[in-house]
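Take 51 as the starting number for the sequence shown in my numbering and just add one per residue. Below you'll find the structure, written out as structure tokens, and then a few comments.
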Amino acid sequence: MKSYPHHVPNGPDHSPLQISFNTSGTERADAARNRRLLLAAAKNLIDHHGAAAVTMEAVAREAGVGKGTVFRRFGNRTGLMLALLDHSESEMQQAYLSGPEPLGPGAPPLDRLLAYGRARLKLTCDHLDILLEAGAATDDFMTHPVGRASTQHVQILLRQLGFADDLDFMSLAVQAPLAAGSVRYLMVEVGLDLETITTQWQDMVTVLATSRGSR
């Protein structure tokens, strides 16, 4: 996650931090359009064929441009994947801040928390290789600007579910299984697939939330 900005804007305790993901300054309109086209092509490849299908050649073919265009824009596959990760994180933040229910505002807090976990696990799985290469361990994510914004969002939902003094601990407990290192372990060492990980995570969070609500 090295390409993210490292400045964290101050925000009130009751509202999520908003992180700027644009690290290259203002882009020309045509450059921004080409960037969106290439990232959309890469995302479409991931959605239909998995992250392993994302090569510079495949993205160029999917976008209908020359391979040189992709190399000039991103340098190499790692640069492309980091840019795609930036883009995906930005989209996810906008979704939980102002998107439709249940991830966005308006749904009950438990529904929103479960939707957040599903979205985070899918994003982690889609970008698992690049997250691991970038050193996105649980502690790295929690202290990173992106992680701090996500943690604040999770803590807001946990507070609405009745958690108070133990917010720091509970937010870590809830988010740790969503981190790249945890997902890699559960998939490679334990042999779970994404659907099973998601189901078990949702079961855990539901038990935690309902047990707190019954006190």
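We put the beta carbon where it would ideally sit given N, CA and C, even for glycine. Since the model is a prediction, treat every value here as computed from it, not as a measurement.
Item                                                                                                                                                  : Value
Just mark Phe213 as buried or exposed, buried being the case when its beta carbon has 16 or more other beta carbons within 10 Å.                      : buried
Considering Cα atoms alone, identify which of Ala102, Arg168, Met106 and Gly231 is closest to Asp253.                                                 : Arg168
Could you give the DSSP three-state label for Ala165: helix, strand or coil?                                                                          : helix
For the alpha helix (DSSP H) that contains Thr128, what are its first and last residues?                                                              : Arg127 to Ser148
CA-CA distance, Thr78 and Val238?                                                                                                                     : The question names Thr, but residue 78 is Arg in the sequence shown. Spanning the two alpha carbons is a distance of roughly 42 angstroms.
With a cut-off of 8 angstroms on the beta carbons, I'd call Arg85 and Arg111 a contact; round off their distance for me.                              : Contact flag wrong, Cβ pair sits at about 17 angstroms.
Can you tell which of Arg162, Asp243, Ala223 and Thr249 has its C-alpha closest to the C-alpha of Leu258?                                             : Ala223
So Phe124 is in the alpha helix (DSSP H); what residue range does that whole segment cover?                                                           : Lys117 to Phe124
Among Thr246, Gly114 and Val104, whose alpha-carbon lies nearest the alpha-carbon of Ile180?                                                          : Val104
Considering just the uninterrupted stretch of the alpha helix (DSSP H) at Leu88, what are its terminal residues?                                      : Ala79 to His99
Nearest to Arg162 by alpha carbon, out of Val204, Leu89 and Thr249?                                                                                   : Val204
Between which two residues does the alpha helix (DSSP H) carrying Val238 extend?                                                                      : Premise fails: Val238 is in no alpha helix (DSSP H) and is neither H nor E.
Mark Asp225 as exposed unless 16 or more other C-beta atoms lie within 10 angstroms of its C-beta, in which case mark it buried.                      : Correcting the residue identity first, residue 225 is Gln in this sequence and not Asp. Gln225 comes out buried.
Assuming the contact rule is C-beta atoms closer than 8 angstroms, Ala101 and Asp215 should be a hit. Round their C-beta distance to whole Å, please. : Contact doesn't hold; Cβ gap of about 40 angstroms is too wide.
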